[in-house]
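Undergrad: According to the working numbering, the sequence shown is numbered sequentially starting from 343.
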Amino acid sequence: MRVSWLVVLILFLSQLHDGKKTLQCLECGQSFRTNSHFNRHQMIHTGEWPYKCGECGKGFRDNSDLIRHLIVHTGERPYECGECGKGFSVSSHLIVHQRIHTGERPYECGECGKNFTLSSSLIRHQMIHTGEQPYECGECGKGFRKSSHLTRHQMIHTGERPYVCGECGKGFRDSTDLIMHQCIYTRESLTSRITVISRP
Ligand SMILES: *[C@@H]1O[C@H](CO)[C@@H](O)[C@H](O)[C@H]1NC(C)=O
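1. Since C451 and Q475 are thought to touch, with beta carbons under 8 Å apart, how far apart are those beta carbons, to the nearest angstrom?
2. Taking 8 Å as the threshold, find out whether the region 426-443 comes into contact with the region 401-414 through three or more Cβ pairs.
3. I need the DSSP call for H523, collapsed to helix, strand or coil.
4. How big is the Cα-Cα spacing for P448 and N457?
5. Could you tell me the distance, in whole angstroms, from the CA atom of C370 to the CA atom of E418?
6. Measuring from the CB of G501, is there a heavy atom of ligand 1 at a distance below 8 Å?
7. Which residues in the same chain as F380 place their Cβ atom closer than 8 Å to its Cβ, once the five residues preceding and following it in sequence are excluded?
8. To which residues does DSSP link Q372 through a beta bridge?
9. If K484 sits next to R503, beta carbons under 8 Å apart, how far is it from one beta carbon to the other, in whole angstroms?
10. Tell me the rounded alpha-carbon separation between D404 and E390.
11. State the Cα-Cα distance for the pair Y477 and S489, rounded to the nearest angstrom.
12. For N460, name the three-state secondary structure that DSSP assigns.
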């Protein structure tokens with residue numbers, strides 16, 4: 343069915359283009375001059391990546407992409423950051439890393455104009471505008487469903503540890519972390535402690 347449509351399309355387009363064949367993708371409208379480019383492009387829509395990695399099963403569009411990927415499994419890190427020396431197995435990971443040093447923030451929020459280093463950070467940030475996570479951390483842009491969650495999170499940035507152990511003075515961000523720590527002194531197992539707490 344698809345093939346016959348393609349034939350019609352090729353004939354139609356070849357007349358339009360003065361005898362020059364053009365293959366148009368029926369899914370997205372992109373045009374291609376050669377069969378191989380057209381076939382390769384089709385894989386985007388069919389999800390068929392014929393070059394499979396024997397280690398992890400991930401599929402790739404062509405052999406060179408697969409070879410580039412194999413380095414992930416050898417543990418080699420040939421892409422080194424000139425700024426701090428950290429190594430990366432994939433060049434794209436190095437490019438993302440280097441934004442730490444350059445301060446580059448290529449992902450802009452269409453809603454408020456705020457810029458982000460990673461696309462994932464932008465996606466997470468956008469939940470602030472959808473109302474899913476309306477409480478935003480001014481420090482890192484992370485959103486939270488509840489203001490109490492934001493308050494607890496902000497201690498990461500301030501270094502605040504309001505739950506202090508009376509025995510040794512060590513501070514904890516979270517009351518449950520303090521309770522777990524105190525089991526050292528009480529010699530109670532955590533499970534027995536939880537039983538005590540939940541008793542009415
Ligand atoms: C975000 O980046 C855009 C484009 O580079 C720039 O015009 C804009 O001023 C930046 N916004 C902020 C808040 O820095």
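Where is the CB? At the ideal position from N, CA and C, for every residue including glycine.
TA: On the basis of the coordinates in this document:
1. The Cβ separation is near 14 Å, so there is no contact.
2. Yes, they touch.
3. Of the three classes helix, strand and coil, the one that applies to H523 here is helix, per DSSP.
4. P448 and N457 have their alpha carbons spaced roughly 7 Å apart.
5. In this structure, the alpha-carbon of C370 lies about 38 Å from that of E418.
6. Distance from the C-beta of G501 to the nearest heavy atom of ligand 1 is not below 8 Å.
7. Closer than 8 Å at Cβ, skipping near neighbours: L365, C367 and F374.
8. Bridge partners of Q372: none, in fact.
9. The C-beta distance from K484 to R503 rounds to 19 Å, too long to fall under 8 Å, and the pair is not in contact.
10. One C-alpha to the other measures close to 11 Å.
11. If I take the Cα positions, the gap works out to 6 Å.
12. Correcting the residue type first, residue 460 is Leu in the shown sequence and not Asn. Coil, per DSSP.
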